[in-house]
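Chemist: Handing you this structure, nothing more for now.
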Amino acid sequence: MKKFLSKKKKLTDIEIIALTEGFSAILTNKLPPKLKDPGSFTIPFLIGNHYLGKALCDFGASFNLMPLSNFKNLGIGHVKPTAVTLQLADRSLAQPEGQIKDVLVRMDKFIFLADFIILNCEADKKVPIILRRPFLATSRTLIDVYKGEVTMRLNNEHVTFSLFESVQHNDTAECHTVDVLDDLIEEEFNNQSTLIAENVTS
């Protein structure tokens, strides 16, 4: 009987358990719903008086990219040599044709200067150029993934682009994914510097 009474007492005891914030959010349905992929972040642009389509906004490597065929069609100057080496999506290496600086890129009512690496690769007709971190920093770009909007700012003005239209890319276009091999460039530069120093002292 005593055992029964003691067990009964334990069964009637009320215990308060503190839930973690995450578990509590699940029980109260406070977690935000999962959303679909908004698509690629692309912006209509002009170079000079030429409307080429939409530029792909990419926070990948540190160079803006333009296919050689588009560069020739624009006729915007001469390519200067560059020591940059690029790694393509298939992990192969590519040597760009060169670099062109201070290209005037118009986004709606704003005009910005941009430098481009020129690469001999298949051009995407829908997305002819890729704008990366330097340009996005210059244009003080803010990307709202939830709203599907890109906002660019110049002085006290701003312009906002809606990005709900996703862009389908050609998977065979090798220049869509490019990494700059800074480490390889630095290593090669150091090797060349060492050789030059040895030749001078000998």
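Residue numbers (the working numbering): 1 to 202. C-beta: ideal position from N, C-alpha, C; glycine also.
1. Taking the alpha carbon of residue 73 as the reference point, which residue from 142, 48 and 39 has its own alpha carbon closest?
2. Can residue 55 and residue 104 be called in contact, C-beta distance under 8 Å?
3. Taking buried to mean at least 16 other C-beta atoms within 10 Å of its own C-beta, is residue 172 buried or exposed?
4. Measuring CB to CB, does residue 106 end up less than 8 Å from residue 59?
5. Do you know offhand how far residue 44's Cα is from residue 115's?
6. Under the rule that 16 or more other beta-carbon atoms within 10 Å means buried, what is residue 145, buried or exposed?
7. Taking three-plus beta-carbon pairs below 8 Å as touching, is the region 134-143 in contact with the region 108-123?
8. Which class does residue 153 belong to by DSSP, given the choice of helix, strand or coil?
Modeler: So, from the listed chains and residues:
1. Closest by alpha carbon: 48.
2. It is not a contact, given that the beta carbons lie outside the stated cut-off.
3. Low confidence applies here, because residue 172 scores a pLDDT of 39, under 50, leaving its location unreliable; read the following figure in that light. Around the beta carbon of residue 172, a 10 Å sphere encloses fewer than 16 other beta carbons of the protein chains shown; the residue is thus reported as exposed.
4. Contact: no.
5. Cα-Cα distance, rounded: 18 Å.
6. Exposed.
7. Because the criterion of three Cβ pairs below 8 Å is met, the region 134-143 and the region 108-123 touch.
8. The answer is strand: DSSP assigns residue 153 an E or B state.
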